[in-house]
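In the numbering used here, the protein residues as written are 4 to 177.
Just so you know, even glycine gets a beta-carbon here, dropped at the ideal spot from N, CA and C.
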């Protein structure tokens, strides 16, 4: 029993060592090219999603006060490539990819919160918009008409799918 405990402890220690090595490569050198992150935009309005401006690069390479910032967007990834005429699908919790599902679960742990009878008014490469009835079960089932918006197409293991779900403008974390 002690042998198993020692082996297990050794494996955990080795895992910590490997993860520490992955954080700081041996030959790592700081770059003068700095990329703005999402945390630098915290608290800013919609303009925070715009590309930062490139600062003047007349400062010496070792100067930390005037680091160059890339002009690439940093809050939204580039959308995946879709063949002409193709649109993203949607994966409802752990199901298979579907286009224009009639029902979406809003709680993947149970069926107590879902949108049913969805009629999709548009389904494009960038977003899908529809209306349906939200069924929220507590002691009684509440049925409320809602607007469903799917956004942020990403590549999954099976297909390009919408990752974000909005109900009446509020993002739902699945």
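Can you check which of these residues, the options, is closest to residue i by C-alpha distance?
{"i": "residue 138", "options": "114, 132, 127", "result": "114"}
{"i": "residue 127", "options": "90, 168, 169, 177", "result": "90"}
{"i": "residue 102", "options": "112, 123, 135, 117", "result": "123"}
{"i": "residue 136", "options": "106, 98, 176, 168", "result": "106"}
{"i": "residue 133", "options": "95, 175, 169", "result": "169"}
{"i": "residue 171", "options": "177, 15, 147, 157", "result": "147"}
{"i": "residue 125", "options": "153, 119, 142, 149", "result": "153"}
{"i": "residue 149", "options": "157, 129, 175", "result": "175"}
Where does the unbroken beta strand (DSSP E) through residue i begin, and where does it stop?
{"i": "residue 122", "result": "116-126"}
{"i": "residue 167", "result": "163-170"}
{"i": "residue 173", "result": "173-175"}
Quick one: Cα of residue i to Cα of residue j, how far?
{"i": "residue 92", "j": "residue 173", "result": "21 Å"}
{"i": "residue 151", "j": "residue 144", "result": "19 Å"}
{"i": "residue 140", "j": "residue 116", "result": "6 Å"}
{"i": "residue 98", "j": "residue 111", "result": "10 Å"}
{"i": "residue 159", "j": "residue 109", "result": "19 Å"}
{"i": "residue 131", "j": "residue 164", "result": "11 Å"}
{"i": "residue 142", "j": "residue 94", "result": "28 Å"}
{"i": "residue 157", "j": "residue 96", "result": "15 Å"}
{"i": "residue 15", "j": "residue 129", "result": "43 Å"}
{"i": "residue 118", "j": "residue 177", "result": "13 Å"}
Kindly give me the distance between the Cβ atoms of residue i and residue j, rounded to whole angstroms, as I take these residues to be in contact under 8 Å.
{"i": "residue 166", "j": "residue 155", "result": "4 Å"}
{"i": "residue 104", "j": "residue 121", "result": "7 Å"}
At the 8 Å Cβ level, is residue i part of the contact set with chain B, yes or no?
{"i": "residue 101", "result": "The displayed structure is made up of one protein chain only, and chain B is not part of it."}
Return the chain-ordered ranges of every beta strand (DSSP E) run that is complete within the stretch 136-162 and spans a minimum of 3 residues.
144-158
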